[in-house]
Amino acid sequence: MVSKNQIKLINSLQQKKYRIEHQLFIAEGVKVIQELLQSNSVLEHLFATNDSFSTFKVQAKTEITTQEMKKISGLSSPSSCLALFRIPKPTNINPMGLIVALDAIRDPGNLGTIVRLCDWFGVTQIVCSNSTVDLYNPKVVQATMGSIARVNVNYLDLKTFIIESNLPVFGTFMDGATIYNEKLPKEGIIVFGNEANGISLEIEKNVKNKIAIPQFGSIQKTESLNVATAMAIVLSEFRRND
1247 MVSKNQIKLI NSLQQKKYRI EHQLFIAEGV KVIQELLQSN SVLEHLFATN
1297 DSFSTFKVQA KTEITTQEMK KISGLSSPSS CLALFRIPKP TNINPMGLIV
1347 ALDAIRDPGN LGTIVRLCDW FGVTQIVCSN STVDLYNPKV VQATMGSIAR
1397 VNVNYLDLKT FIIESNLPVF GTFMDGATIY NEKLPKEGII VFGNEANGIS
1447 LEIEKNVKNK IAIPQFGSIQ KTESLNVATA MAIVLSEFRR ND
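In the working numbering, the protein residues as written are 1247 to 1488.
What follows is the structure, encoded as structure tokens:
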């Protein structure tokens, strides 16, 4: 059984200020929770219906009903399990390899997919402007499908980070050089901008290498690619000649 205080706490964690206050975040679904349990993530408590209660070999767990799960889940179709984890302290940035930089990404689904893509392409570090959506937003956590446990994400002053870095800086622009013709390095910072406005002028001034994904359609009316889609193409090109 889940108590009224537990319901109140879990529902409050949908908001960033309460996640910060309690240093907790929500994870829903068997795969996401299992991935987090297999990492260094610290479980606070697990709630599960009979369908998946025995799946998890942890002490801090409570069996609840489907109706109770509906009261604490943030999903339109609730999963059979929900867990609370401690928010970890971010690890220091290693100024080597490929680093993805996010300039004001606002959509939780996009950030979650970006984390999954970085995990797929072996990019272990993401740096975000402070205006980027919170990594521990439940929708972001859900969209990562567990990759959140394997990618280090830091929020910082993006402009300062780029200026102080010794790595080459790349950015995606509509008028950039065609990525398929470029010799891409194994190390660098790749900047991706806001869904509606792209990379801000403040950051653009510090991007020396402007690249673009060419459009091949005969009727070229598509304004731009989704940021996560663009990232998949860009990371694939950077990794192609590794």
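C-beta: ideal position from N, C-alpha, C; glycine also.
If you follow the alpha helix (DSSP H) that residue i is part of, which residue opens it and which one closes it?
i	result
Ser1482	1473-1486
Tyr1264	1262-1268
Gly1355	1354-1366
Lys1429	Premise fails: Lys1429 is in no alpha helix (DSSP H) and is neither H nor E.
Leu1404	1404-1410
Val1276	1276-1283
Asn1443	Counting along the chain, Asn1443 falls outside any alpha helix (DSSP H), and DSSP gives it neither H nor E.
Asn1296	Per DSSP, Asn1296 belongs to no alpha helix (DSSP H) and is neither H nor E.
Leu1255	1250-1258
Lys1307	Premise fails: Lys1307 lies in the beta strand (DSSP E), 1307-1309, not in any alpha helix (DSSP H).
Just to confirm, are residue i and residue j a CB contact at a threshold of 8 Å?
i	j	result
Lys1418	Ile1394	As written in the sequence, residue 1418 is Thr, which differs from the Lys given in the question. No.
Glu1274	Ser1322	no
Arg1265	Tyr1382	yes
Ile1459	Ile1425	yes
Ala1329	Asn1440	no
Glu1448	Lys1405	yes
Ile1253	Lys1316	no
Ile1435	Ile1408	yes
Gln1261	Gly1320	no
Leu1258	Pro1341	Per the sequence shown, the amino acid found at residue 1258 is Ser instead of Leu. No, the Cβ-Cβ distance between Ser1258 and Pro1341 is not below 8 Å.
Ala1476	Phe1438	yes
Can you give me the Cβ contacts of residue i inside the same chain, cut-off strictly under 6 Å, excluding the 5 residues immediately before and after it?
i	result
Ser1298	Val1276, Ser1326, Cys1327
Cys1374	Leu1348, Tyr1401
Arg1485	Phe1367
Ser1285	Ala1395
Ser1446	Asp1349
With respect to the beta strand (DSSP E) encompassing residue i, which residues constitute its N-terminal and C-terminal limits?
i	result
Thr1418	1415-1424
Thr1390	Segment 1384-1390 is the alpha helix (DSSP H) holding Thr1390; no beta strand (DSSP E) there.
Val1346	1344-1348
Gln1371	1371-1375
Lys1317	Per DSSP, Lys1317 belongs to no beta strand (DSSP E); it is in the alpha helix (DSSP H), 1312-1318.
Phe1302	Unbroken run through Phe1302: none, as it is neither H nor E.
Ile1457	1455-1458
Ala1329	1327-1332
For residue i, count neighbouring C-beta atoms within 10 Å of its own C-beta (all shown protein chains included) and say buried if the count is 16 or more, exposed if not.
i	result
Gln1388	buried
Phe1331	buried
Gly1343	exposed
Phe1462	exposed
Asn1356	buried
Val1304	exposed
Met1420	exposed
Arg1362	buried
Ser1287	buried
Ala1442	exposed
Ala1423	exposed
What whole-angstrom Cβ distance do residue i and residue j have, given they're in contact under 8 Å?
i	j	result
Val1346	Val1379	Not quite, the Cβ-Cβ distance comes to about 15 Å (not below 8 Å), so this is no contact.
Met1247	Ile1310	6 Å
Leu1289	Ala1306	6 Å
Asn1455	Pro1414	6 Å
Thr1337	Asn1398	5 Å
Thr1312	Thr1301	That belief does not hold up - the Cβ atoms of Thr1312 and Thr1301 are roughly 16 Å apart, past 8 Å.
Ile1272	Ile1256	7 Å
Kindly list the residues whose CB is nearer than 7 Å to the CB of residue i, restricted to its own chain and excluding five residues on each side of it in sequence; keep chain order.
i	result
Gln1269	Arg1332, Ile1333
Pro1431	Pro1414
Pro1354	Val1379, Asn1383, Lys1385, Val1386, Ala1389
Asp1365	Ser1393, Arg1396, Val1397
Arg1352	Val1379, Asn1440, Glu1441
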